[in-house]
Amino acid sequence: MEKTGYYSVTVRKFNVLSRHTDWMRKTQELYNEIVYFYYSLYLDIVEENNAVEQFAHEGTPQSAGRERRGDFSSSQEAMRELEKMTIIGREKKPVSNPLPWKKVPLYFRRAAINTAIAAARSFLSRKEQKTRTEKFAEPVTFYKGMYKDFTGNEIFLKLWNGSVWQWTRCKLRGNTVPQEGQMMSPSLIMREKRIELHIPWKTAISDMRTAKQKMADSEKVCSVVFTNRNALMVCCIIGHSGEKESCLFLKGGAEYAFRCRTLLERIEKSQKAAGGGGNPRANRKYWEKLKNLNDYYSHQYSRQAVDYCKAHEAKIIVLPQFENVYQTYIMKQAGNFSPIHLSSAIREKIKYKAWREGITVLESVQHNINSVCSVCGGQIKTYGSLYQCENGHQGNRYLNSAWNLGIKCRESFRTKQSED
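Every letter in the sequence shown is one number past the one before it in the working numbering, and letter 175, counting from 1, is 447.
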């Protein structure tokens, strides 16, 4: 029986087009001032409570008449206590630490309180020498009541213009939202040259069977191996009996390596023209482009692999697992911007993309998958990207490794089932 109740959250990023960017900056400034207010209050109360406990333990005169303030056992309790100390309630009773600002919407304040609580707890959890944060630059999180009428290409945000709160229409460009799922609280990100809106999107996952259950149900397996060649990923769909049903060679490794090499040459040329130097910010735009290339290609390949599994109804992806020493050696020999080095980023992105689709990702030790024939199990000899076994079978050596990896994974589960 399939389990339900699981979900994934992905962030959709949009560029914001609005005539009132100054209002957005004022809103962020106010938000961070409130964050700092509650952050400081939280830490002051914690320090005061710690002092009360110490005096009570030592039995010193300072403990007379002093009691702990608030219950900070959970974030929800901490928020409730902080609001009691700062907001005048219906009874109109004075509070110990009144909020210095007026006209602050309820959900705007609560978003700031949650940010402050997280920052304070992070501060308290650090063991090294600690200095309180003096100024925050957190993005504004809009809870319900602070945004409305989201259509996919526009949204209305409630912004502070310096004197009043104003509903403001913002156009959105650069992304789409899934047809299914639920929108969560968006965040406004202020970049140097643009403004972005990051919208978390919650999507239910229907198939959350374990790998053992999927193997028992004879689900298809997609085994993946990585190469240092143009076809940097080889995917193989394997049926219940270990037969190969389909294969896919994802090319583009040479293109990625060429584009990285071109940027590295520009960096080297620029450094020579500037007389070398050790300025870490020099050629920053080129280093950012290298990072963006890594993100772009790893996203593309991981998405293609997951889509391939969906098209062939494979419910398990098997990746090769390397020993740390071996992996470090291979990466070092190949270089930081080689196709095989890109595999590290592809692995991470495949895992969360597959999770959203109800596909289980496993890692299997790749021992002996490169030295035997996937058809008969005989020993093989390799010639470049080809292989030939002692019994006459031949083909692509990387496809042979992918096929062996899938067979090995299936056999390991069958062995466990027989032992059980």
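From the three backbone atoms N, C-alpha and C, an ideal C-beta is built for every residue, glycine too.
Cβ pair residue i, residue j closer than 8 Å
i, j, result
"M455", "I467", "no"
"V506", "Y670", "yes"
"E464", "L444", "no"
"M351", "I385", "yes"
"Q651", "V644", "yes"
"L504", "P611", "yes"
"D479", "G630", "yes"
"C648", "C661", "yes"
"V496", "A383", "no"
"I622", "S574", "yes"
"T632", "I588", "yes"
"Y311", "A391", "yes"
"G453", "T423", "no"
"E620", "K492", "no"
"Y569", "R538", "no"
"L565", "E635", "no"
"L318", "F344", "The amino acid occupying residue 318 in the given sequence is Val; Leu does not appear at that position. In contact: V318 and F344 (Cβ atoms closer than 8 Å)."
"A606", "N500", "yes"
"L460", "Q300", "yes"
"F286", "G446", "yes"
"C581", "C519", "no"
"A529", "F609", "yes"
"F395", "L313", "no"
"Y308", "F428", "no"
"N668", "L658", "yes"
"T387", "E410", "yes"
"R533", "T282", "no"
"S280", "I477", "yes"
Three-way DSSP call (helix, strand, coil) for residue i in this model
i, result
"M351", "helix"
"F395", "helix"
"Y415", "coil"
"R686", "helix"
"V449", "coil"
"M505", "strand"
"V288", "strand"
"N642", "coil"
"A476", "strand"
"H470", "strand"
"I588", "strand"
"A336", "Low confidence applies to A336: its pLDDT is 47, below 50, so where it sits in the model is not reliable enough to give any reading."
"Q576", "helix"
"M357", "helix"
"V307", "helix"
"K407", "coil"
"G514", "coil"
"I618", "helix"
"S312", "helix"
"L565", "helix"
"E635", "strand"
"N668", "strand"
"F344", "coil"
"L378", "helix"
"R463", "coil"
"S610", "coil"
"V367", "coil"
"S280", "strand"
Exposure of residue i, with buried meaning 16 or more beta-carbon neighbours within 10 Å
i, result
"P370", "exposed"
"P458", "buried"
"W432", "buried"
"M273", "In this prediction, M273 has a pLDDT of 37, which is less than 50 and means its spatial position is unreliable; what the coordinates show is noted afterwards. Its Cβ having fewer than 16 others within 10 Å, M273 is exposed."
"G277", "exposed"
"A545", "exposed"
"W675", "buried"
"G337", "Here the model assigns G337 a pLDDT of 48, short of 50, so the residue's position is not dependable and the matter cannot be decided."
"V288", "buried"
"I509", "buried"
"P450", "exposed"
"P372", "exposed"
"S615", "buried"
"T403", "exposed"
"T358", "buried"
"N555", "buried"
Start and end residues, beta strand (DSSP E) containing residue i
i, result
"Q651", "That residue, Q651, is in no beta strand (DSSP E); it is neither H nor E in DSSP."
"Q660", "L658 to C661"
"W432", "E426 to W432"
"F498", "K492 to F498"
Residue span of the alpha helix (DSSP H) that contains residue i, given as start and end
i, result
"L536", "G525 to A545"
"M487", "A483 to A488"
Short CB-CB distance (under 8 Å) between residue i and chain C
i, result
"Q572", "The chain inventory of the structure shown lacks chain C, comprising one protein chain alone."
Tell me, please, whether the region 372–379 touches the region 412–421 by the rule of three or more beta-carbon pairs shorter than 8 Å.
-> Counting Cβ pairs under 8 Å, three or more are found: they touch.
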